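One structure below.
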Amino acid sequence: MTGSQEGAANASEARQHRLFFALAGAVVLADVATKATAVAELARGIPREVVGTVVKLVLVYNPGAAFGLWFGPDSRWIFLGLTACALGVLTLLYRATRPGDVLRTASIGLVCGGAIGNLIDRLRSPNGVVDFIDIGVRQYRWPTFNVADMAVTTGAILLAWVLWVEDRAGDHRTAPVPEM
Numbered sequence: 006m007t008g009s010q011e012g013a014a015n016a017s018e019a020r021q022h023r024l025f026f027a028l029a030g031a032v033v034l035a036d037v038a039t040k041a042t043a044v045a046e047l048a049r050g051i052p053r054e055v056v057g058t059v060v061k062l063v064l065v066y067n068p069g070a071a072f073g074l075w076f077g078p079d080s081r082w083i084f085l086g087l088t089a090c091a092l093g094v095l096t097l098l099y100r101a102t103r104p105g106d107v108l109r110t111a112s113i114g115l116v117c118g119g120a121i122g123n124l125i126d127r128l129r130s131p132n133g134v135v136d137f138i139d140i141g142v143r144q145y146r147w148p149t150f151n152v153a154d155m156a157v158t159t160g161a162i163l164l165a166w167v168l169w170v171e172d173r174a175g176d177h178r179t180a181p182v183p184e185m
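Convert by adding 5 to the 1-based position in the sequence shown; the result is the number in the working numbering.
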């Protein structure tokens with residue numbers, strides 16, 4: 006690699022790191038701030054209508070995982086461990102991402118930010134993760150969720166799409182994983 010090529014690669018890698026950490030950090034900050042506001046402003050279990058009955062805010066604590074997945078009294082510790090493992094896998098995926106792969110970087114940043122946001126809740130309180138967004142029509146409601154959940158879901162869908170496109174194109178555009 007010539008000096009100018011190496012400089013361009015380093016600049017691209019620096020932009021990638023800024024994108025990743027900016028997205029992950031923004032998700033964590035937004036998640037922590039909205040959860041703190043929900044805890045301060047909402048009465049537990051009492052809905053507050055935002056858009057009629059379609060969008061409501063209601064403070065609930067989820068000691069399990071998505072869709073009420075629960076493994077008994079040790080769920081908190083099980084989900085802490087699973088989150089740590091998931092963050093490890095995401096770290097490897099991120100480190101294997103070629104500089105300039107914006108969609109893959111953004112998707113991993115979103116998932117990591119959301120995972121860290123919910124991890125903070127699990128570490129902070131035995132009550133579980135703070136959820137407060139309730140969407141649905143009449144009795145047909147989506148499980149209550151939060152900003153971290155939105156980031157994880159959006160990032161995971163985007164990452165699945167990016168990996169699927171890479172696989173279909175035979176374009177395994179990952180860099181070699183650096184040794185730890």
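Ideal Cβ placement from N, Cα and C applies to all residues, glycine included.
Computed from a prediction, not measured in an experiment: that's the story for all the values here.
Item: Inter-residue spacing [alpha-carbon to alpha-carbon] between Val134 and Arg53; Value: 19 Å
Item: Whole runs of the alpha helix (DSSP H) within the region 15-70, excluding any shorter than 4 residues; Value: none
Item: Contact between the region 49-65 and the region 76-86 (3+ Cβ pairs under 8 Å); Value: no
Item: For Phe150: DSSP bridge partner residues; Value: Ile138
Item: Chain-order list of residues whose beta-carbon lies under 8 Å from that of Ile113 (same chain, five-residue window excluded); Value: Phe25, Leu95, Leu98, Tyr99, Thr102, Gly160 and Leu164
Item: Proximity of Ile162 and Val33 at Cβ, strictly below 9 Å; Value: no
Item: Burial state of Cys117, where buried means 16 or more other Cβ atoms lie within 10 Å; Value: buried
Item: Buried versus exposed call for Asn15 [16 or more other C-beta atoms within 10 Å across all chains shown]; Value: exposed
Item: Cβ-based burial, Ala19 [other Cβ within 10 Å; buried from 16]; Value: exposed
Item: Start-to-end residues for the alpha helix (DSSP H) that takes in Gly122; Value: Val107 to Arg129
Item: For Phe137 and Asn151, believed in contact at Cβ under 8 Å, the rounded distance; Value: 6 Å
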